Amino acid sequence: MDRSTDKTPAFDLVIFDCDGVLIDSEIISARMLVAELGKLGVVIDLDYVGRHFLGRSYPTVMKQIRSEFGLTLPDTFEDDYREALLAAFQRDLRGVPHVRDVLAGIGVPFCVATSSSPRRAAMSLGLVGLADLVGDRLFTSTMVAHGKPAPDLFLLAAERMGAEPARTLVIEDSLTGIRAGLAAGMTVWRFVGASHLGPDTPVEPVDATPHRRLVSFAGFFQIAPDLQKGARRG
Numbered sequence: 024m025d026r027s028t029d030k031t032p033a034f035d036l037v038i039f040d041c042d043g044v045l046i047d048s049e050i051i052s053a054r055m056l057v058a059e060l061g062k063l064g065v066v067i068d069l070d071y072v073g074r075h076f077l078g079r080s081y082p083t084v085m086k087q088i089r090s091e092f093g094l095t096l097p098d099t100f101e102d103d104y105r106e107a108l109l110a111a112f113q114r115d116l117r118g119v120p121h122v123r124d125v126l127a128g129i130g131v132p133f134c135v136a137t138s139s140s141p142r143r144a145a146m147s148l149g150l151v152g153l154a155d156l157v158g159d160r161l162f163t164s165t166m167v168a169h170g171k172p173a174p175d176l177f178l179l180a181a182e183r184m185g186a187e188p189a190r191t192l193v194i195e196d197s198l199t200g201i202r203a204g205l206a207a208g209m210t211v212w213r214f215v216g217a218s219h220l221g222p223d224t225p226v227e228p229v230d231a232t233p234h235r236r237l238v239s240f241a242g243f244f245q246i247a248p249d250l251q252k253g254a255r256r257g
């Protein structure tokens, strides 16, 4: 059930996830993981990746693969996978449409909180031309003991940015990220406009129900006019 109301609450901070929200990367990552594991005899598909790995950090994904498939990964697997993925990003990565306009036009503080590694996140934002807008306001799961779906990363970001969780808006695409935002006591909107999701994305389970869905960043300030630069905020 959508938790949206007619009136958008006032926010002092907006936290954006990176992969699948600012950058259209999830489909690239999923295809790469399927291909690399296939070389080791592990057969999974994109749907499996979406259900089990979306929004989780690389160490968490690898831990589950080892456990579920009884797989001993080669010592070079992690480095090889990361380098192959970054090469794919350099070829194919694109920013999500209209997101730069939102980041440039937002009138309250914002930051990025991601399960990606610092290197991958920084490189990705640079490739799509968003690094200048994000600056040093980038928080990764390496900064906390427990990544998403634990609330730790979002709570750290809010603390560092000087905002109360109750007055923080989280933009997420994954169920894992939604759970983390809700656990942090924040308002959560689910973005379904990247290539791995869409308006027909199935309804979320009860424990990962966002306050509303966002299909495109083109309509962001229509939904939340108080967040635009120059808006009068109550």
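Going by the working numbering, the first residue of the sequence shown is number 24, and it counts up by one from there. The beta carbon of each residue, even a glycine, is placed where N, CA and C say it ideally should be. If you're wondering where the values come from, they're calculated on a predicted model, not measured in any experiment.
Run of the beta strand (DSSP E) containing residue i, from where it starts to where it stops
i, result
"residue 161", "161 to 163"
"residue 150", "No beta strand (DSSP E) contains residue 150, which is instead part of the alpha helix (DSSP H) from 141 to 150."
Residue(s) in a DSSP beta bridge with residue i
i, result
"residue 136", "162"
"residue 42", "46"
"residue 156", "Looking at the DSSP assignment, residue 156 forms no beta bridge with any residue, so it has no partner."
"residue 36", "191"
Cβ pair residue i, residue j closer than 9 Å
i, j, result
"residue 136", "residue 145", "no"
"residue 233", "residue 213", "yes"
"residue 167", "residue 179", "yes"
"residue 68", "residue 84", "no"
"residue 177", "residue 191", "yes"
"residue 55", "residue 96", "no"
"residue 116", "residue 46", "yes"
"residue 197", "residue 163", "no"
"residue 211", "residue 221", "no"
"residue 66", "residue 88", "no"
"residue 51", "residue 112", "yes"
"residue 48", "residue 121", "no"
"residue 215", "residue 236", "yes"
"residue 161", "residue 141", "yes"
"residue 105", "residue 143", "yes"
"residue 119", "residue 243", "no"
Residue environment, residue i, which counts as buried when at least 16 other CB atoms sit within 10 Å
i, result
"residue 171", "buried"
"residue 101", "exposed"
"residue 174", "buried"
"residue 217", "buried"
"residue 127", "exposed"
"residue 40", "buried"
"residue 151", "buried"
"residue 24", "Residue placement at residue 24 cannot be trusted, given a pLDDT of 45 that sits under 50; what the coordinates show is reported in the next sentence. Looking at its Cβ environment, which holds fewer than 16 other Cβ atoms inside 10 Å, residue 24 is exposed."
"residue 42", "buried"
"residue 207", "buried"
"residue 129", "buried"
"residue 147", "buried"
"residue 114", "exposed"
"residue 254", "exposed"
"residue 71", "exposed"
"residue 183", "exposed"
"residue 22", "No information on residue 22 is available, as it lies outside the stretch 24 to 257 that the chain covers here."
"residue 241", "exposed"
"residue 219", "buried"
"residue 53", "buried"
Residue-chain proximity (residue i, chain B), Cβ-Cβ < 9 Å
i, result
"residue 197", "In the structure shown, chain B does not exist; there is a single protein chain."
Mind pulling the alpha helix (DSSP H) runs of 4 or more residues that sit fully within the region 176 to 248? 198 to 206 and 243 to 246
Which runs of the alpha helix (DSSP H), 4 residues or longer, sit entirely within the region 51 to 130? 69 to 75, 81 to 92, 100 to 115 and 122 to 128
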